[in-house]
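Enquirer: Sharing a structure below in structure tokens format, with a few things to ask.
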Amino acid sequence: MLTTNTIIQERETIIISTQEISSSIHQKRPLILVALLLAIFMSAIEGTIIATAMPSIVADLGGFSLFSWVFSGYLLLQAITIPIYGKLADLFGRKPVILIGIILFLIGSLACGFAETMVQLIFFRMLQGLGAGAVQPIAMTLVGDLYSLEERGKIQGYLASVWGISSVIGPAVGGLFVQFIDWAWVFWMNIPIGILSMVFLILFLKETTEKKKPAIDYLGSLYLLITVSPLMLLLIGGGTIWPWNSWPILLMVVLTVLGLVLFLLQETRAPEPMMPLTLWKNRIISISNLAGLTTGIILIGLSTFLPTYLQGVIELTPTAAGFVLASMSISWSISATVAGKKLIHFGFRRMIVAGGVILLIGVSFFAVMKPEYGPYFPMSGAIIIGLAMGMLYTTFTVVIQNSVPWNQRGVATASHMFTRILGNTLGAALLGGILNARLGPFLAQQRAVTGLNVDLDVANELLDPEKKAVLSQQVVDVLKEGLSLSLHSVYMTVAAIAVITLILIFFFPKKALQS
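Those letters in the sequence shown? Residues 45 to 559, by the numbering used here.
Here it is as structure tokens:
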């Protein structure tokens, strides 16, 4: 943890050393910031567009039961690679790492647009996630390098505003692509944005880093993959694909526990661990990361399943559903901007506690949501959740970056991004598993009682206006009821996780690098 004197020095000037980005770069900070904003915009708009377009993609490619894997596969590769990229950025500098990440992201985006089956889309999304693991965490780390403590809160607000802008543009553009052109363009539109970001980074970001002999923790990455992959399979397939007392479930439990043990042992003996366990001894980092994990689950529960509810149950158009989801990011950007400016004055802990309380209030809207309440009820909950996320994520990022020295800033920032994305990954798997476990038996019961041909494959057709038009009203009503009941179970789980988040937040240190 930094001393008070170090914090004061950091507020006055950016620390310059052979490992720090050179002082001449200060004159180019606005141009570098533009490049980072473009990179984050590319990542952000991808999330808002695909969430809105997924019902149409599923209707075209089929594979409703694989719905959550489009998100889980992407998030798994992103989560696994974030700590690696963070360590590489500390060893070789931020510039080459973020450029490689953008290139991989663009290749994955191009390939996603050509996918002809759901399996192909999942594979290409994993390639996209391989690049995404570098983009956002390294961009955040560069902000920590370029700006002082007091400046970072304001800059984090700028970064958050990008999410708000992308969330307004994303659903509108995505809805137009889906309805009038082709859903492939929700991926292909990333390409010019990513290329422009790379040009700015190549021209204006000059680093003077001290190159070190690489000691990459590949075994740690492998063990983490062994831990998370079977856990995701267990969460998605438990109770639906495999009975809970079956041998595949037992095998996945064993692999998860074994992978976790091997990962922890590896991180204690690796020369350059991908996630130094000593970081977790810092209470600021440990509580922030655990809360990042739980809020990541909450966020994916909202962004992934809300468009399906709005389009499948309330029968909104993709564009209208996208704007409901965009309301969260608009309030998020406003909240993050205000929080960044008031952070030092208000205090880190008070900001985080307030965010946790507001988050629980927002999630409560979804726990009691009913179709007859209409779209404005979930929109109100989304707006409140956005306010909370803006406060929490801005504060967590700033306080973590100021609790470690420069040579650990990359891996510390990456550790927080990793736990957030891991929360997204596990959340997509867990909540997708709950959806399938609730919807599958409901439809089976309806088949037995009514004789209707309703199953998860028919649920695909509910999300396509043309295919839905040929379904009988009785089938549509059954599918809508099943989706509504299943998503209620999903959001009750999300509400429980919001309670856990608030409990974690109360353990945050009372004196945490405040003015």
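Here a beta-carbon is modelled for each residue, glycine too, at the ideal position from N, C-alpha and C.
Indicate whether leucine 479 and leucine 275 have their beta-carbon atoms separated by less than 8 Å.
Expert: Taking the sequence shown and counting its residues from 1, one reaches residue 479 at position 435. Taking the sequence shown and counting its residues from 1, one reaches residue 275 at position 231. Between leucine 479 and leucine 275, the C-beta gap is not smaller than 8 Å, which leaves the two residues out of contact.
Enquirer: Can you round the beta-carbon distance between lysine 131 and methionine 413 to whole angstroms, since I take them to be within the 8 Å contact cut?
Expert: Counting from 1 along the sequence shown, the entry for residue 131 is found at position 87. Counting from 1 along the sequence shown, the entry for residue 413 is found at position 369. At roughly 42 Å, the Cβ-Cβ gap does not stay under 8 Å, so lysine 131 and methionine 413 are not in contact.
Enquirer: Between which residues of its own chain and alanine 159 is the CB-CB distance below 6 Å, once the five residues before and five after are set aside?
Expert: By one-based count along the sequence shown, residue 159 stands at place 115. Within the same chain, alanine 159 has close Cβ partners Leu165, Phe168.
Enquirer: In whole angstroms, give me the CA-to-CA distance for alanine 155 and isoleucine 147.
Expert: One-based indexing of the sequence shown puts residue 155 at position 111. One-based indexing of the sequence shown puts residue 147 at position 103. One C-alpha to the other measures close to 13 Å.
Enquirer: Using the three-state DSSP reduction, which class does alanine 83 fall into: helix, strand or coil?
Expert: Indexing the sequence shown from 1 puts residue 83 at position 39. Three-state DSSP puts alanine 83 in a helix.
Enquirer: For asparagine 497, does the count of other Cβ atoms within 10 angstroms reach 16, so buried, or fall short, so exposed?
Expert: The residue you call residue 497 lines up with position 453 of the sequence shown. Using a 10 angstroms sphere on the CB of asparagine 497, the tally of other CB atoms stays under 16, which defines it as exposed.
Enquirer: Does DSSP put tryptophan 376 in a helix, a strand or coil?
Expert: Numbered from 1 along the sequence shown, position 332 holds the residue referred to as residue 376. Helix.
Enquirer: Compute the distance between the beta-carbons of valine 368 and proline 415, then report whether it is under 8 Å.
Expert: Here residue 368 refers to the residue found at position 324 when the sequence shown is read from its first residue. Here residue 415 refers to the residue found at position 371 when the sequence shown is read from its first residue. Contact flag unset, no.
Enquirer: May I ask which residues mark the beginning and end of the alpha helix (DSSP H) holding isoleucine 144?
Expert: Translated into the one-based positions of the sequence shown, residue 144 becomes position 100. Residues 138-157.
Enquirer: Return the chain-ordered list of same chain residues with a C-beta closer than 7 Å to the C-beta of alanine 472, the five sequence neighbours on each side being excluded.
Expert: Your numbering for residue 472 matches position 428 in the sequence shown. Hits under 7 Å: Ser112, Phe115, Ser116, Leu119, Ile344, Thr348.
Enquirer: Just confirm the distance between the C-beta atoms of glycine 430 and serine 375, as a whole number of angstroms; I'd bet it's less than 8 Å.
Expert: Position 386 of the sequence shown, counted from the start, is the residue given in the question as residue 430. Position 331 of the sequence shown, counted from the start, is the residue given in the question as residue 375. Contact holds; Cβ gap of about 3 Å.
Enquirer: Quick one: Cα of serine 106 to Cα of leucine 506, how far?
Expert: For this step, residue 106 is matched to residue 62 along the sequence shown. For this step, residue 506 is matched to residue 462 along the sequence shown. First, the amino acid is wrong: residue 106 is glycine here, not serine. In a straight line, the C-alpha of glycine 106 is about 12 Å away from that of leucine 506.
Enquirer: Along the chain, where does the alpha helix (DSSP H) that runs through phenylalanine 410 open and close?
Expert: As a position in the sequence shown, residue 410 is number 366, starting the count at 1. From DSSP, the alpha helix (DSSP H) with phenylalanine 410 extends over 392-411.
Enquirer: Ignoring anything shorter than 4 residues, give me the alpha helix (DSSP H) runs that lie fully in the segment 505-558, in order along the chain.
Expert: 509-513, 517-549
Enquirer: Taking isoleucine 465 and glutamine 122 to be in contact with their CB atoms under 8 Å, please state how far apart those CB atoms are, rounded to whole angstroms.
Expert: Position 421 of the sequence shown, counted from the start, is the residue given in the question as residue 465. Position 78 of the sequence shown, counted from the start, is the residue given in the question as residue 122. Their Cβ separation, rounded to whole angstroms, is 5 Å, which keeps isoleucine 465 and glutamine 122 in contact under 8 Å.
Enquirer: Got a sec? Which residues, its chain only, sit under 6 Å from phenylalanine 410 by beta carbon, not counting five neighbours each side?
Expert: Your numbering for residue 410 matches position 366 in the sequence shown. Answer for phenylalanine 410: Gly425, Tyr535, listed in chain order.
Enquirer: State the DSSP-derived secondary structure class of serine 67, mapped to helix, strand or coil.
Expert: Against the sequence shown, residue 67 aligns to sequence position 23. Confidence at serine 67 is low in this model, with a pLDDT of 49, below 50, so the placement of that residue should be treated as unreliable; the coordinate-derived value is given next. In this structure, serine 67 counts as helix in the three-state DSSP scheme.
Enquirer: Would you decide whether leucine 321 is buried or exposed? Buried here means 16 or more other CB atoms lie within 10 Å of its CB.
Expert: Here residue 321 refers to the residue found at position 277 of the sequence shown. Exposed is the call here.
Enquirer: DSSP three-state call for tryptophan 286: helix, strand or coil?
Expert: Mapped onto the sequence shown, residue 286 falls at position 242. Three-state result, tryptophan 286: strand.
Enquirer: Identify whether tyrosine 267 lies in helix, strand or coil by the three-state DSSP scheme.
Expert: Taking the first residue of the sequence shown as position 1, residue 267 is located at position 223. Under the three-state reduction of DSSP, tyrosine 267 is assigned to helix.
Enquirer: With glycine 420 as the anchor, note down where its alpha helix (DSSP H) starts and where it stops.
Expert: For the purposes of this step, residue 420 is identified with residue 376 of the sequence shown, where counting begins at 1. Residue 420 is actually tyrosine in this sequence, not glycine. Taken as a continuous stretch (DSSP letters only), the alpha helix (DSSP H) holding tyrosine 420 covers 420-445.
Enquirer: Cβ of alanine 183 within 8 Å of Cβ of leucine 80?
Expert: Residue numbering aside, residue 183 sits at position 139 when the sequence shown is read from its first letter. Residue numbering aside, residue 80 sits at position 36 when the sequence shown is read from its first letter. Contact flag set, yes.
Enquirer: Should leucine 354 and proline 419 be called a contact, given that it needs their Cβ atoms to be closer than 8 Å?
Expert: Mapped onto the sequence shown, residue 354 falls at position 310. Mapped onto the sequence shown, residue 419 falls at position 375. In contact: leucine 354 and proline 419 (Cβ atoms closer than 8 Å).
Enquirer: Is glutamate 90 buried or exposed, if buried means 16 or more other CB atoms sit within 10 Å of its CB?
Expert: Mapped onto the sequence shown, residue 90 falls at position 46. Counting every other CB atom within 10 Å of its CB across the protein chains shown gives glutamate 90 a total of 16 or more, marking it as buried.
Enquirer: In the structure shown, what three-state DSSP assignment does valine 357 receive?
Expert: Against the sequence shown, residue 357 aligns to sequence position 313. Looking at valine 357 - three-state DSSP - the assignment turns out to be coil, as it is neither helix nor strand.
Enquirer: With a cut-off of 8 Å on the beta carbons, I'd call valine 407 and alanine 539 a contact; round off their distance for me.
Expert: Locating residue 407 in the sequence shown gives position 363, counting from the first residue. Locating residue 539 in the sequence shown gives position 495, counting from the first residue. The pair is a contact, with the Cβ atoms about 5 Å apart (cut-off 8 Å).
Enquirer: For serine 377 and valine 397, I'd like the C-alpha separation in whole angstroms.
Expert: Against the sequence shown, residue 377 aligns to sequence position 333. Against the sequence shown, residue 397 aligns to sequence position 353. When rounded, the distance between both Cα atoms is 19 Å.
Enquirer: Here's a check: name, in chain order, each residue in its chain whose Cβ is nearer than 6 Å to the Cβ of isoleucine 65, leaving out the five neighbours to either side.
Expert: Working through the sequence shown from its first residue, we reach residue 65 at position 21. At isoleucine 65, the pLDDT of 44 sits below 50, so the modelled position is not reliable and the matter cannot be decided from this model.
Enquirer: Assuming serine 153 and phenylalanine 221 are in contact, meaning their beta carbons sit under 8 Å apart, how far apart are those beta carbons, in whole angstroms?
Expert: The sequence position of residue 153 within the sequence shown is 109, counting from 1. The sequence position of residue 221 within the sequence shown is 177, counting from 1. Between the beta-carbon of serine 153 and that of phenylalanine 221 there is about 13 Å, and that puts the pair past the 8 Å contact cut.
Enquirer: Between valine 206 and the rest of its own chain, which residues show a CB-CB distance below 8 Å, the 5 nearest in sequence each way excluded?
Expert: As a first step, residue 206 must be located in the sequence shown, where it is residue number 162. These residues qualify, in order along the chain: Leu81, Ile84, Phe85, Ala88, Ser377.
Enquirer: What separation, rounded to the nearest whole angstrom, lies between the Cα atoms of valine 543 and leucine 403?
Expert: What you label residue 543 is simply residue 499 of the sequence shown in a count that begins at 1. What you label residue 403 is simply residue 359 of the sequence shown in a count that begins at 1. Answer to the nearest angstrom: the Cα atoms are 9 Å apart.
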